[in-house]
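**Q**
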Amino acid sequence: MAKLTFLTDLCKGCGLCVDACPKGCLAIATEKINKKGYSPAEMVAEDKCIGCAFCATMCPDCIITVEK
Amino acid sequence: MAVVFQKPKSLADVPLHYCPGCPHGIIHRLVAEAIDELGIEGKTIGVAPVGCAVMAYDYFTVDMIEAAHGRAPATATGIKRSRPENIVFTYQGDGDLASIGMAETVHAAARNENITIIFVNNAIYGMTGGQMAPTSLPGQVTQTSPYGRDVNHCGWPIKVSEMLATLEGPEYITRVAVNNVKNVLAAKKAIKKAFQNQIEGKGFSLVEVVSACPTNWGMTPQQALKWVETDMLPYYPTGVYKDRTAAKEAQE
Amino acid sequence: MAQKVLMKGNEAIAEAAIRAGCRHYFGYPITPQTEIAAYMAKKMPKIGGVFLQAESEIASINMVYGAAAAGVRVMTSSSSPGISLKSEGLSYIAGSDVPALVVNVQRGGPGLGGIQPSQSDYFQATKGGGHGDYRMIVLAPASVQEMASLTMKGFDLADKYLMTSMILADGTIGQMMEPISFEDAEVNTYEKPWALTGTNCQRKHNVVNSLYLKADELEAKNIERYERYAIVEENEPMWEEYMMEDAEYCVVAYGIASRVAKNAVVAARAEGIKVGLIRPITLWPFPKKALLAAADKVKSFVCVELSMGQMIEDVRLYTECKKPVSLCSRCGGMIPSPEEVLEAIRKAQKGEN
Numbered sequence: 001m002a003k004l005t006f007l008t009d010l011c012k013g014c015g016l017c018v019d020a021c022p023k024g025c026l027a028i029a030t031e032k033i034n035k036k037g038y039s040p041a042e043m044v045a046e047d048k049c050i051g052c053a054f055c056a057t058m059c060p061d062c063i064i065t066v067e068k
Numbered sequence: 001m002a003v004v005f006q007k008p009k010s011l012a013d014v015p016l017h018y019c020p021g022c023p024h025g026i027i028h029r030l031v032a033e034a035i036d037e038l039g040i041e042g043k044t045i046g047v048a049p050v051g052c053a054v055m056a057y058d059y060f061t062v063d064m065i066e067a068a069h070g071r072a073p074a075t076a077t078g079i080k081r082s083r084p085e086n087i088v089f090t091y092q093g094d095g096d097l098a099s100i101g102m103a104e105t106v107h108a109a110a111r112n113e114n115i116t117i118i119f120v121n122n123a124i125y126g127m128t129g130g131q132m133a134p135t136s137l138p139g140q141v142t143q144t145s146p147y148g149r150d151v152n153h154c155g156w157p158i159k160v161s162e163m164l165a166t167l168e169g170p171e172y173i174t175r176v177a178v179n180n181v182k183n184v185l186a187a188k189k190a191i192k193k194a195f196q197n198q199i200e201g202k203g204f205s206l207v208e209v210v211s212a213c214p215t216n217w218g219m220t221p222q223q224a225l226k227w228v229e230t231d232m233l234p235y236y237p238t239g240v241y242k243d244r245t246a247a248k249e250a251q252e
Numbered sequence: 001m002a003q004k005v006l007m008k009g010n011e012a013i014a015e016a017a018i019r020a021g022c023r024h025y026f027g028y029p030i031t032p033q034t035e036i037a038a039y040m041a042k043k044m045p046k047i048g049g050v051f052l053q054a055e056s057e058i059a060s061i062n063m064v065y066g067a068a069a070a071g072v073r074v075m076t077s078s079s080s081p082g083i084s085l086k087s088e089g090l091s092y093i094a095g096s097d098v099p100a101l102v103v104n105v106q107r108g109g110p111g112l113g114g115i116q117p118s119q120s121d122y123f124q125a126t127k128g129g130g131h132g133d134y135r136m137i138v139l140a141p142a143s144v145q146e147m148a149s150l151t152m153k154g155f156d157l158a159d160k161y162l163m164t165s166m167i168l169a170d171g172t173i174g175q176m177m178e179p180i181s182f183e184d185a186e187v188n189t190y191e192k193p194w195a196l197t198g199t200n201c202q203r204k205h206n207v208v209n210s211l212y213l214k215a216d217e218l219e220a221k222n223i224e225r226y227e228r229y230a231i232v233e234e235n236e237p238m239w240e241e242y243m244m245e246d247a248e249y250c251v252v253a254y255g256i257a258s259r260v261a262k263n264a265v266v267a268a269r270a271e272g273i274k275v276g277l278i279r280p281i282t283l284w285p286f287p288k289k290a291l292l293a294a295a296d297k298v299k300s301f302v303c304v305e306l307s308m309g310q311m312i313e314d315v316r317l318y319t320e321c322k323k324p325v326s327l328c329s330r331c332g333g334m335i336p337s338p339e340e341v342l343e344a345i346r347k348a349q350k351g352e353n
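Protein chains in written order, with the numbering used here: chain Y, 1 to 68; chain B, 1 to 252; chain Z, 1 to 353.
1) Smallest Cα separation from A54 of chain Z: which of Z:I173, Z:V64, Z:I47, Z:K46?
2) Under 8 angstroms between beta-carbons, which chain B residues line up against S210 of chain Z? List them in chain order, please.
3) Based on Cα-Cα distance, which residue from Z:K4, Z:A16, Z:G9 lies nearest to M176 of chain Z?
4) Shorter than 8 angstroms from the beta carbon of I58 of chain Z to some beta carbon of chain B?
5) Does the Cβ of T166 of chain B have 16 or more other Cβ atoms within 10 Å, making it buried, or fewer, making it exposed?
6) Between the Cα of S99 of chain B and the Cα atoms of B:P146, B:P134, B:E168, which residue gives the shortest distance?
7) Give the C-beta separation of D243 of chain B and Y172 of chain B to the nearest angstrom, bearing in mind that I take them to be a contact with Cβ-Cβ under 8 angstroms.
8) At least one CB of chain Y closer than 8 angstroms to the CB of Q222 of chain B: is that the case?
9) Apply the 10 Å Cβ neighbour rule to P73 of chain B and answer buried if 16 or more other Cβ atoms are within range, or exposed otherwise.
10) Please tell me whether K120 of chain B has its Cβ less than 8 angstroms away from any Cβ of chain Z.
11) Within 8 angstroms of any Cβ in chain Z, is that where the Cβ of I45 of chain B sits?
12) So what's A68 of chain B in DSSP terms, helix, strand or just coil?
13) To the nearest angstrom, how far is it from the Cα of G13 of chain Y to the Cα of I191 of chain B?
14) Between which two residues does the beta strand (DSSP E) holding S80 of chain Z run?
15) Hey, is V240 of chain B's beta-carbon within less than 8 angstroms of any beta-carbon in chain Z?
16) Let's test the definition: count the other Cβ atoms within 10 Å of the Cβ of H28 of chain B and tell me whether it reaches 16, buried, or not, exposed.
17) Closer than 8 angstroms, Cβ to Cβ, to anything on chain B: give me those residues from the stretch 82 to 103 of chain Z, in chain order.
18) Would you verify that the beta carbon of G24 of chain Y is, or is not, closer than 8 angstroms to some beta carbon of chain B?
19) For the alpha helix (DSSP H) containing V265 of chain Z, list its first residue and its last residue.
20) Could you check the C-alpha separation between Q140 of chain B and V47 of chain B for me, to the nearest Å?
21) Roughly how many whole angstroms lie between the Cα atoms of G108 of chain Z and K86 of chain Z?
22) By DSSP, does P179 of chain Z sit in helix, in strand, or in coil?
23) Strictly below 8 angstroms CB to CB, what residues from chain Z border S82 of chain B?
24) Rounded to a whole number of angstroms, what is the C-alpha to C-alpha distance between I83 of chain Z and I64 of chain Y?
25) Going by the beta-carbon positions, is the gap between A59 of chain Z and V98 of chain Z smaller than 8 angstroms?
26) Among residues of its own chain, excluding the 5 on either side of T30 of chain Y, which ones have a beta-carbon nearer than 8 angstroms to its beta-carbon?
27) By Cβ distance below 8 angstroms, which residues in the same chain neighbour Y18 of chain B in space, the five residues on each side in sequence not counted?
28) Are three or more beta carbon pairs between the stretch 162 to 181 of chain Z and the stretch 237 to 245 of chain Z nearer than 8 angstroms?
29) Under 9 angstroms between beta-carbons, which chain B residues line up against M40 of chain Z? List them in chain order, please.
30) Let me know if Y190 of chain Z comes out buried or exposed under the rule of 16 or more other beta-carbons within 10 Å of its beta-carbon.
31) Would you mind giving the Cβ-Cβ distance between K3 of chain Y and C25 of chain Y, rounded to the nearest angstrom? I have them listed as a contact below 8 angstroms.
32) At a CB-CB cut-off below 7 angstroms, which residues of chain Y make contact with V4 of chain B?
33) For V151 of chain B, count neighbouring C-beta atoms within 10 Å of its own C-beta (all shown protein chains included) and say buried if the count is 16 or more, exposed if not.
34) Apart from the five residues just before and just after S211 of chain B, which ones in its own chain have a Cβ nearer than 6 angstroms to its Cβ?
35) Cβ atoms of I13 of chain Z and I47 of chain Z: under 8 angstroms apart, would you say?
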């Protein structure tokens, strides 16, 4: 069981976290837009998340906090 | 539940201006993590370059100075020689460090100046809009090499780590990459060691970080990281090019 | 009376700097100022200071920039072509509002020029050299004694106004030997809360920087800087007046040229010509008031300098062109003789200028 918190408004939607996730938990939102005008990354399969923090490791904007 | 990953303290709480997917943010974070983990936030002084990282002075919570283009190692020398008890690092790109600032780089290395240099090699001038860098690959298309870098016309890319490793002076020269999780973790280790060396008074430590520039390479962030693997790393292999202490210990 | 020691001009600068508390010197070899570096190389290691020969003038001025930002008294020295190389750094130092002392022992130019004394860097020193809106305090010694005292003063002014002080000397005074005393000049220390010392996790980080991407911020920064410069212009001009009380003609000269000019003034007085001398000691801030006051008194001016005529533009400007100004100059390393200057004074008297 792990918990990810995103500073969604700082996300630039680059998708590097999505690619880094070994479990396919993340996706770029298709219908949401953040304050900066980007479609942000979001959790789509929380139950699969193992808290490995690969996503946060690759996030260039340091917007992900991982708890486990 | 415990926090297993969060923004390091030494990375300021401000949005980074970098393009989406630009690894500068990753490398900034690694530097800040190293500073935090070594407990040197209060005595570190950073030197920002001219280039995309020009505003790095806003991104680190430590004391910062903005250097003239290429002169960061000289500016860092002035600071370190004035305040040897402080920890001084520069953060420079390939145009800054390997073109206009080559003399400052080589001589700081030759002096074994007790500073830490984070050298981001993404084979292009990012801030000015994608011109050919001293590290642009043969054949690489840029704004100023629109038909691909012709080595017969404008010469070969410079392998900074290999070159500096030939000098007697420097303590530690290594090349890392930030194109995947494994490499990012290795980069973190190298950066931390480069700071640790300074704390121990060992001298000049330079970490060349092979990075990407999705915007000016004309790629998505994912394609750019792939290109690092397929094109950059074969030309710029990762590895430790010089580690005086390790070499000495191996001899003994 | 203070004890006198016989010193070379360049060495006097170095010794004065040490006495002013400077413990950091970064330089690159160039004639005719190498004695400064040699002196520092010998002395600094013995007193816990730093002498470092940089790989270039560019590197050395950027080391100065770093050390200045770290809050220590720091200097570099060079000669004309080297100052051109340092000009980039001078602009950054000005744009970042940190204090430094830079010595220019001038030689002839342009280009590689020559190694003989010259005053042809007046424009570069007083009007810029580097890019952008900025000023430096420019001090022009005319004796070995002044090489020392103006160096000490220069450090003080730099710290006080967060500017570069430039000692604008020339090869002659640099090489000249004269007895001097290091009078107990006050050495002031200044608080530097802006300096890079490490936050010690006790304060917000200090940033030393000259980049302002927002136009209104950059403008405000420049305006603020010029308000400071205005105070310097009000408070700090220095000059010497010689035989000006009843003068009908005024010679204007600084540095080595003023020494020649002084002899010529004495000779002209012997011929009955009422001539005096104004010697600017600060070239920036220029002694405007002295020149303007003289313009209301004298019939004409003779500007003596070792260039094709650079300071003469300021003499005309600050006398508001009220009186004619003639030029008596040599350049390229040549120095006008007292006779040449005397002849120029005679011409001025005849109204031939």
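Backbone N, C-alpha and C define an ideal beta-carbon position, used for all residues, glycine too.
Please read all numbers here as calculations on a predicted model, not as lab measurements.
**A** If we stick to the structure as given:
1) On the third sequence, residue 54 of chain Z is found 54 positions in, with the first residue counted as 1. The option with the nearest alpha carbon to A54 of chain Z is Z:V64.
2) Start at 1 with the first residue of the third sequence, and residue 210 of chain Z comes out as number 210. The contacting residues are E66.
3) Your numbering for residue 176 of chain Z matches position 176 in the third sequence. Comparing Cα-Cα distances from M176 of chain Z to each of Z:K4, Z:A16, Z:G9, the minimum goes to Z:G9.
4) As a position in the third sequence, residue 58 of chain Z is number 58, starting the count at 1. Output row for I58 of chain Z: interface = yes.
5) Your numbering for residue 166 of chain B matches position 166 in the second sequence. Only exposed fits T166 of chain B, as fewer than 16 other CB atoms lie within 10 angstroms of its CB.
6) As a working mapping, residue 99 of chain B is identified with position 99 in the second sequence. Nearest of B:P146, B:P134, B:E168 to S99 of chain B, Cα basis: B:P134.
7) Taking the second sequence and counting its residues from 1, one reaches residue 243 of chain B at position 243. Taking the second sequence and counting its residues from 1, one reaches residue 172 of chain B at position 172. Yes, they are in contact, since the Cβ atoms of D243 of chain B and Y172 of chain B sit about 5 angstroms apart, within 8 angstroms.
8) The residue labelled residue 222 of chain B in the question sits at position 222 within the second sequence. With 8 angstroms as the cut-off, Q222 of chain B counts as an interface residue toward chain Y.
9) Along the second sequence, read from residue 1 onward, the residue named residue 73 of chain B stands at position 73. Per the 10 Å Cβ criterion, buried.
10) As a first step, residue 120 of chain B is located in the second sequence; it is residue number 120 there, counting from the start. Sequence check: residue 120 of chain B is Val here, not Lys. Judged by the 8 angstroms Cβ criterion, V120 of chain B is not in contact with chain Z.
11) Indexing the second sequence from 1 puts residue 45 of chain B at position 45. At least one chain Z Cβ lies under 8 angstroms of I45 of chain B.
12) As a first step, residue 68 of chain B is located in the second sequence; it is residue number 68 there, counting from the start. Looking at A68 of chain B - three-state DSSP - the assignment turns out to be coil, as it is neither helix nor strand.
13) Along the first sequence, read from residue 1 onward, the residue named residue 13 of chain Y stands at position 13. Along the second sequence, read from residue 1 onward, the residue named residue 191 of chain B stands at position 191. Spanning the two alpha carbons is a distance of roughly 27 angstroms.
14) To locate residue 80 of chain Z, count along the third sequence from 1; it is residue 80. No beta strand (DSSP E) holds S80 of chain Z; the alpha helix (DSSP H) holding it covers 80 to 96.
15) By one-based count along the second sequence, residue 240 of chain B stands at place 240. No, its Cβ sits nowhere closer than 8 angstroms to a Cβ of chain Z.
16) By one-based count along the second sequence, residue 28 of chain B stands at place 28. Buried.
17) Residues passing the 8 angstroms Cβ filter: E88, G89, Y92, S96.
18) Start at 1 with the first residue of the first sequence, and residue 24 of chain Y comes out as number 24. At a cut-off of 8 angstroms between C-beta atoms, G24 of chain Y does not count as an interface residue with respect to chain B.
19) In the third sequence, counting from the first residue as 1, residue 265 of chain Z sits at position 265. Its alpha helix (DSSP H) spans residues 255 to 270.
20) Your numbering for residue 140 of chain B matches position 140 in the second sequence. Your numbering for residue 47 of chain B matches position 47 in the second sequence. For the pair Q140 of chain B and V47 of chain B, the Cα-to-Cα distance works out to about 30 angstroms.
21) Sequence index remark: in the third sequence, residue 108 of chain Z carries index 108 (1-based). Sequence index remark: in the third sequence, residue 86 of chain Z carries index 86 (1-based). Each residue's alpha carbon lies about 17 angstroms from the other.
22) For this step, residue 179 of chain Z is matched to residue 179 along the third sequence. Reduced to three states, the DSSP call for P179 of chain Z is strand.
23) Taking the second sequence and counting its residues from 1, the one referred to as residue 82 of chain B is at position 82. The contacting residues are H24, V50, G66, A67, A70, G71, V72, V74.
24) For the purposes of this step, residue 83 of chain Z is taken as the residue at position 83 of the third sequence. For the purposes of this step, residue 64 of chain Y is taken as the residue at position 64 of the first sequence. Using only the alpha carbons, I get a separation of about 50 angstroms.
25) Reading the third sequence from its first residue, position 59 is the one you call residue 59 of chain Z. Reading the third sequence from its first residue, position 98 is the one you call residue 98 of chain Z. Cβ distance not < 8 angstroms, so A59 of chain Z and V98 of chain Z don't count as in contact.
26) One-based indexing of the first sequence puts residue 30 of chain Y at position 30. S39, listed in sequence order.
27) Within the second sequence, the letter at position 18 stands for residue 18 of chain B. Only H24, G25, C52 meet the Cβ criterion.
28) Segments in contact, no.
29) Stepping through the third sequence from its first residue, residue 40 of chain Z is reached at position 40. Near M40 of chain Z there are no residues of chain B at all, since even the closest Cβ is about 13 angstroms away, more than 9 angstroms.
30) As a working mapping, residue 190 of chain Z is identified with position 190 in the third sequence. Label assigned to Y190 of chain Z: exposed.
31) Here the question's residue 3 of chain Y lines up with position 3 in the first sequence. Here the question's residue 25 of chain Y lines up with position 25 in the first sequence. Wrong, their Cβ atoms sit about 12 angstroms apart, outside the cutoff.
32) Against the second sequence, residue 4 of chain B aligns to sequence position 4. Correct list: G51, A53, V66, E67, K68.
33) Mapped onto the second sequence, residue 151 of chain B falls at position 151. Exposed, by the Cβ-count rule.
34) Counted from its first residue, the second sequence places residue 211 of chain B at position 211. Correct list, in chain order: P23, V120, N122, V178.
35) Reading the third sequence from its first residue, position 47 is the one you call residue 47 of chain Z. Reading the third sequence from its first residue, position 13 is the one you call residue 13 of chain Z. Cβ atoms of I47 of chain Z and I13 of chain Z: not closer than 8 angstroms.
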